[in-house]
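One structure is given below, encoded as structure tokens.
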Amino acid sequence: MILLDMESTRNFMKQNTSLNLECRGLLRRSEVLKLTGLSKSTLYRLESSNDFPSAIQVSARCVAYRLSEIYKWLEGRN
């Protein structure tokens, strides 16, 4: 049996959570910011004015966005 320290466990969980979300067609907020080029404050402003797809609460401390909705939003901007 292999025991991992807390830091290794956190890193493992973070990587697997992202992979699991990607398999479901979901992106974490940080990934959405990279993809769209938006700042965090602009994302919040657009989301609150219903000009951006809403986030989905995945867990108590995790939100994600549907990749298909992000692509539609990006296509609509051009």
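In terms of this note's numbering, the sequence shown is residues 933 to 1010. For each residue, glycine too, the CB sits at the ideal point set by N, CA and C.
Boundaries (first-last residue) of the beta strand (DSSP E) holding L958: L958 to R960
Cβ pair R998, L958 closer than 8 Å: yes
Sub-8 Å separation of L1006 and T968 beta-carbons: yes
C-beta atoms of E1001 and P985 nearer than 8 Å: yes
R960 burial status per 10 Å Cβ neighbour count (16 or more: buried): buried
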